[in-house]
Amino acid sequence: MYIAILFMAAGYLAGVLLRRRFTFRTGTVMLAAVCVLLFVLGMELGRNRMLMESLSTLGLKALAVAVLSVAGSVVCAAFLYRMIRKDNGKVIADNAEVQPDNNEKRI
Amino acid sequence: MKGSIIIVSFFVLGVFSALNGFMEGADLALLSKIFLYVLMFFAGLGLGMDKGLVPLIRKQPARVLLLPLCTMAGTFAGVSAVPLFFGDVSLTDSLALGAGFGYYSLSSIFIGQVRGPELATIALAANVIREILTLLFAPLMSRYFGKLAPISAGGATTADTTLPVIVRCCGNEYVPVAVFHGVVMDISVPFFLTLIFSMY
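So the sequence lines, in the order shown, correspond to chains A and B.
First residue of the first sequence: 66, per the numbering used here; consecutive thereafter.
First residue of the second sequence: 2, per the numbering used here; consecutive thereafter.
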């Protein structure tokens with residue numbers, strides 16, 4: 066994962082160096098890559114016979130763990146989000162000038 | 002939601018392709034690693050081209066940095082309910098399963114060494130499902146629970162695999178929080194697992 070962060074740092078540097086010459090919308094490329102990664106993830110699951118056979122029994126437990134941990138995290142994060150907003154009305158920044166360039170259709 | 006349907010259909014397609022022997026000899030780990038790097042490069046490129054990003058990082062309130070603590074507390078509170086549904090899963094086992102925070106490779110290896118293959122398989126699936134849930138439901142989470150919710154749900158994956166989805170749901174300005182959160186969660190996984198296993 067540190068190598069992956071190095072790739073992002075390289076992309077960031079390229080973006081900073083190139084942004085005066087042209088702009089590039091990265092959303093479509095990223096969606097395509099996410100689709101490939103999910104396809105591969107599906108294949109990894111489909112290939113693993115042990116995982117496929119045990120999914121019916123162990124999968125239910127795994128699903129419960131995943132759903133409950135996501136639910137707990139989401140509720141906690143919603144609480145923090147509200148607490149910050151109540152306090153100063155903003156979470157990240159309130160400057161209207163500094164909006165992200167990437168306002169494309171969300172996934 | 003349209004994007005989520007596209008993504009889930011690719012996932013299902015992947016499962017059926019593998020079952021039918023498609024690309025049987027291919028090195029999937031290598032393939033996904035390459036695409037992850039492509040993804041990370043373009044995520045970085047998007048950040049670099051965003052002129053407003055550095056001013057945004059400077060304006061970030063310190064309390065956003067409490068988010069990893071929220072994720073830990075929320076996850077452990079959530080998985081504490083697992084023994085209520087499954088009598089044969091102990092509380093310590095449940096906490097260990099939750100402590101993967103979506104980091105399925107490391108947590109399943111760790112759990113496998115201490116608790117054997119059965120719990121490791123559950124850990125692998127649970128953390129893969131956590132990542133998938135985040136990828137699929139991030140738009141709904143950000144809409145109904147605020148923009149920190151998809152980051153907290155993503156756990157340890159928010160610095161890499163779920164980062165692109167978070168960028169698209171929450172915006173580029175949430176990337177520093179997501180990367181910070183992902184790195185902290187990643188590092189915390191072996192520490193929490195060691196702590197939990199010391200309770201057996």
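Think of the CB as a built atom: it goes at the ideal place given N, C-alpha and C, for glycine as much as any other residue.
Given the structure is predicted, the values throughout are model-derived calculations rather than measurements.
### Task
With a floor of 3 residues, list each beta strand (DSSP E) that falls wholly inside the segment 126-153 of chain B, ordered by position along the chain.
Fully enclosed beta strand (DSSP E) runs of no fewer than 3 residues are not present anywhere in the segment 126-153 of chain B.
### Query
From A63(B) to S119(A), what does the alpha carbon distance come to, in whole angstroms?
Going from the Cα of A63(B) to the Cα of S119(A) covers about 44 Å.
#### Entry: Bounding residues of the alpha helix (DSSP H) (the contiguous stretch that carries S189(B))
176-198
### Message
I need the straight-line Cα distance from F11(B) to D161(B), nearest angstrom please.
### Response
19 Å
### Query
What's the call for A100(B), buried or exposed, on a 16-neighbour Cβ count within 10 Å?
buried
### Query
Excluding sequence positions up to five away, which residues of its chain have a Cβ less than 7 Å from the Cβ of L68(B)?
L149, I152, S153, V178, H182
#### Entry: Anticipated Cβ contact below 8 Å, L1(B) with A124(B), distance rounded
What the structure shows of chain B is the stretch from 2 to 201, and residue 1(B) is not part of that stretch, so it cannot be assessed.
### Task
Anything in the segment 119-138 of chain A with a Cβ closer than 9 Å to a Cβ of chain B? List those residues in chain order, please.
S119, L120, L123, G124, L125, K126, A127, L128, A129, V130, A131, V132, L133, S134, V135, A136, G137, S138
### Query
What did DSSP end up calling E25(B) once you bin it into helix, strand or coil?
coil
### Query
Straight-line CA distance for G15(B) to F192(B)?
34 Å
### Query
So with Cβ pairs under 8 Å, would you call P165(B) a contact of chain A?
yes
### Query
Roughly how many angstroms lie between the CA atoms of G107(A) and N113(A), to the nearest whole one?
10 Å
### Query
Which whole-angstrom value is the C-beta distance of A143(A) and F146(B), which I expect to be below 8 Å?
4 Å
### Query
At a cut of 8 Å, does the segment 87-97 of chain B reach the segment 145-152 of chain A through at least three beta carbon pairs?
no
### Query
CB-CB under 6 Å to C171(B), same chain, minus the five flanking residues each way: which ones, in chain order?
S143, K148
### Task
With DSSP collapsed to three states, give me the class of F87(A).
coil
### Query
How many angstroms separate the CA atom of F111(B) from the CA atom of L83(A)?
43 Å
### Query
Using 8 Å as the limit for Cβ to Cβ distance, is V190(B) near chain A?
It does not; no Cβ of chain A falls within 8 Å.
### Query
Taking the Cβ atom as the reference point for each residue, do V80(B) and S95(B) lie within a distance shorter than 8 Å?
yes
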